Amino acid sequence: MKLLQFVCLASYYGFARYLPVSYSKPFGKISKKIRYYLCKNIFAKTGHNANIERGAYFGKGTWVEIGKNSSIGVNSHIQNNTIIGDDVMMGTNTYMLDNTTHNFARTDITMIAQGKKKYADRSQVIIGNDVWIGRDVMILGSKIIADGSIIGARTLLTKNFPPYSIIGGNPSKLIRSRLEPKD
Numbered sequence: 001m002k003l004l005q006f007v008c009l010a011s012y013y014g015f016a017r018y019l020p021v022s023y024s025k026p027f028g029k030i031s032k033k034i035r036y037y038l039c040k041n042i043f044a045k046t047g048h049n050a051n052i053e054r055g056a057y058f059g060k061g062t063w064v065e066i067g068k069n070s071s072i073g074v075n076s077h078i079q080n081n082t083i084i085g086d087d088v089m090m091g092t093n094t095y096m097l098d099n100t101t102h103n104f105a106r107t108d109i110t111m112i113a114q115g116k117k118k119y120a121d122r123s124q125v126i127i128g129n130d131v132w133i134g135r136d137v138m139i140l141g142s143k144i145i146a147d148g149s150i151i152g153a154r155t156l157l158t159k160n161f162p163p164y165s166i167i168g169g170n171p172s173k174l175i176r177s178r179l180e181p182k183d
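For the sequence shown, our numbering gives the first residue as 1, with consecutive numbering after it.
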């Protein structure tokens, strides 16, 4: 990690993460600009007019890519290797969880004492362009959210869906395609 990247990461988690949301008056616009500047120096790619909202968590962030006009929602938790396309709206409290799991096979010792699996695959979430992720969505493991998709609030995303899907539920299911005419 480069020195500037480290300083920006420390500044983000030290104070910028706690600045007001981008839409608040009177300090929202400057808060958005501060977080954008810091993340531009942390992320692998930061598109024009990207918005990292208050409380967003992204680990070290060195592998995160975010496209133009896209946002990471208030208090959202994304993985370090997430790729976010252009024009993505992400709701509050979106969580992306990787495949790291705990050992639990033995019953003679506690699960916490068994630790995590050593060779758990690191997952990656790829979010296409023109995607809307609703509030409180949880994304499990490696997922590709295809272009034009809408994921409804409180959805537990457990699998991939085709482009222009409207997805909802726990577990997730296809509600309909945006390409189909609405009755």
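We put the CB at the ideal spot given by N, CA and C, even for glycine.
What you are looking at is a predicted structure, and each value in this text was computed from that prediction instead of being measured.
Mind checking whether residue 71 and residue 93 have CB atoms under 7 Å apart? Pairing residue 71 with residue 93 gives a Cβ-Cβ distance that is not under 7 Å.
With a CB to CB cut of under 6 Å and the five nearest residues on each side skipped, what residues in its chain are close to residue 144? Hits under 6 Å: 126, 160.
Determine the closest residue to residue 162 out of 170, 76, 178, with distance taken between C-alpha atoms. 178
Enumerated in chain order, which unbroken segments of the alpha helix (DSSP H) with a length of 4 residues or greater are wholly contained in the stretch 11 to 97? DSSP runs (the alpha helix (DSSP H)) wholly in the stretch 11 to 97: 28 to 40.
To which residues of the same chain is residue 171 closer than 7 Å at the C-beta, ignoring the five residues directly before and after it? Excluding positions up to five away in sequence, the list reads 156, 158.
When the Cα atoms are used, what is the spatial distance from residue 10 to residue 38? 9 Å
Determine the direct distance from the alpha carbon of residue 58 to that of residue 6, and round the result to whole angstroms. 14 Å
Report the residue from 176, 48, 17, 30 whose alpha carbon sits nearest the alpha carbon of residue 76. Comparing alpha-carbon positions, the option among 176, 48, 17, 30 lying closest to residue 76 turns out to be 17.
Between the alpha carbons of residue 83 and residue 65, how many angstroms are there, rounded? So the two alpha carbons sit approximately 5 Å from each other.
When you compare each of 60, 81, 87, 61 to residue 68 by their alpha carbons, which one comes out closest? 87
Along the chain, where does the alpha helix (DSSP H) that runs through residue 1 open and close? That residue, residue 1, is in no alpha helix (DSSP H); it is neither H nor E in DSSP.
Kindly indicate which residue of 102, 23, 109, 40 has the alpha-carbon position closest to the one of residue 8. 40
Under 7 Å between the Cβ atoms of residue 124 and residue 142? yes
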